[in-house]
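Quick note: the sequence shown, position 131, residue 131 per this note's numbering, numbers continuous.
We put the CB at the ideal spot given by N, CA and C, even for glycine.
What you are looking at is a predicted structure, and each value in this text was computed from that prediction instead of being measured.
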Amino acid sequence: MGAETPVRIPLPKNFQIPGGGDRSIAVYDLGTGLWRSFFMVQKTTEGEHQERWHYSSGGYIKDARALAGSGHSLQLTGGSSSVVGMASELTQIGIDEVLAGRINHAVSFTLPNARSGYSWPARQGDGNLTDPLAPYEGQWFRINPAVNLDSLGLRPLTLMIAKALQKYGGYGSDRNIWCMAANYEYDTSQTEATQGNSRWYTQVQAKYGQAPENLHDFPFQHLQFAPKDWKGGL
Numbered sequence: 001m002g003a004e005t006p007v008r009i010p011l012p013k014n015f016q017i018p019g020g021g022d023r024s025i026a027v028y029d030l031g032t033g034l035w036r037s038f039f040m041v042q043k044t045t046e047g048e049h050q051e052r053w054h055y056s057s058g059g060y061i062k063d064a065r066a067l068a069g070s071g072h073s074l075q076l077t078g079g080s081s082s083v084v085g086m087a088s089e090l091t092q093i094g095i096d097e098v099l100a101g102r103i104n105h106a107v108s109f110t111l112p113n114a115r116s117g118y119s120w121p122a123r124q125g126d127g128n129l130t131d132p133l134a135p136y137e138g139q140w141f142r143i144n145p146a147v148n149l150d151s152l153g154l155r156p157l158t159l160m161i162a163k164a165l166q167k168y169g170g171y172g173s174d175r176n177i178w179c180m181a182a183n184y185e186y187d188t189s190q191t192e193a194t195q196g197n198s199r200w201y202t203q204v205q206a207k208y209g210q211a212p213e214n215l216h217d218f219p220f221q222h223l224q225f226a227p228k229d230w231k232g233g234l
């Protein structure tokens, strides 16, 4: 029990732990306004029909009711369920918004690596680079607003994500020692063995003709990075 779990937390009956390695979840309490997020969640059964939930780390935002339209940094009030100590679930690209054709929020990315340290609003980081040109986790960036994205010949999903990044910005929320990757909502109907059943493939790819993991035409060359710990006004 920690500050993020002072009481029993009700979960929907159809609740599922996401697949993948992190098994991360977020729970928003309409009654209290608490946003809770947890890392490495698992469920055990102890005795007859007694379920218990466990997690390795968790964090919270004290009153998430004030988030919408507030310009909140998404920095967690306390604890952490992610590398950067932010509510990065809210910056993942959702299936329904992609199908609707527009992403109306900032976007988080997983970086190949990052500079040692971190930038506000991150509360921590795990980068280990010393190159002064390497970005920090949490450091804000955007696509240059002077760039006409419609003129670049980008594919539909790439263009949608690029426009969100140009308008709302983005940041690095983790590193993977591999590639630059936009962070997506995990489809809970998907399993590692039956990836083809995911809505990302049965609906999104069918609609746009583009696999969600294929962003090789993304215009990273037009990124602009804000200074470390920037809090407004590029």
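Drop a sphere of 10 angstroms on the beta-carbon of residue i, count the other beta-carbons inside from all chains shown, and report buried for 16 or more, exposed for fewer.
i	result
residue 206	exposed
residue 157	buried
residue 149	buried
residue 16	exposed
residue 142	buried
residue 63	exposed
residue 10	exposed
residue 69	exposed
residue 50	exposed
residue 166	buried
residue 232	exposed
residue 99	exposed
residue 21	exposed
residue 31	exposed
residue 172	buried
residue 71	exposed
Excluding the five sequence neighbours on either side, which residues of its own chain have a C-beta within less than 7 angstroms of the C-beta of residue i, listed in chain order?
i	result
residue 152	219
residue 73	121
residue 75	85, 86, 121 and 123
residue 14	none
residue 81	24, 37, 38, 39, 57, 58 and 59
residue 179	112
residue 77	60, 61 and 62
residue 46	52
residue 226	139, 140, 141 and 234
residue 188	16 and 18
Please return the same chain residues whose Cβ sits closer than 6 angstroms to the Cβ of residue i, not counting the five positions on each side in sequence.
i	result
residue 230	140
residue 164	103 and 107
residue 211	205
residue 115	127, 129, 134 and 136
residue 208	156 and 157
residue 67	none
What is the DSSP secondary structure of residue i, counted as helix, strand or coil?
i	result
residue 137	coil
residue 57	strand
residue 111	strand
residue 225	strand
residue 40	coil
residue 219	coil
residue 232	coil
residue 175	strand
residue 165	helix
residue 149	helix
residue 118	coil
residue 199	helix
residue 158	helix
residue 211	coil
Who are the near neighbours of residue i in its chain, counting only those whose CB is closer than 8 angstroms to its CB and skipping five residues on each side?
i	result
residue 113	127, 128, 129, 134, 175 and 177
residue 41	17, 23, 24, 25, 53, 54 and 55
residue 161	93, 103, 107, 182, 215 and 218
residue 43	17, 51, 52, 53 and 54
residue 224	141, 142, 143, 144 and 234
Since residue i and residue j are thought to touch, with beta carbons under 8 angstroms apart, how far apart are those beta carbons, to the nearest angstrom?
i	j	result
residue 199	residue 93	13 angstroms between Cβ atoms; not a contact.
residue 137	residue 111	7 angstroms
residue 65	residue 33	4 angstroms
residue 83	residue 125	7 angstroms
Kindly say whether residue i, judged by its beta-carbon, lies nearer than 7 angstroms to any beta-carbon of chain D.
i	result
residue 96	The chain inventory of the structure shown lacks chain D, comprising one protein chain alone.
In chain order, which continuous runs of the alpha helix (DSSP H) of length 4 or greater are located wholly inside the segment 64-111? 95-100
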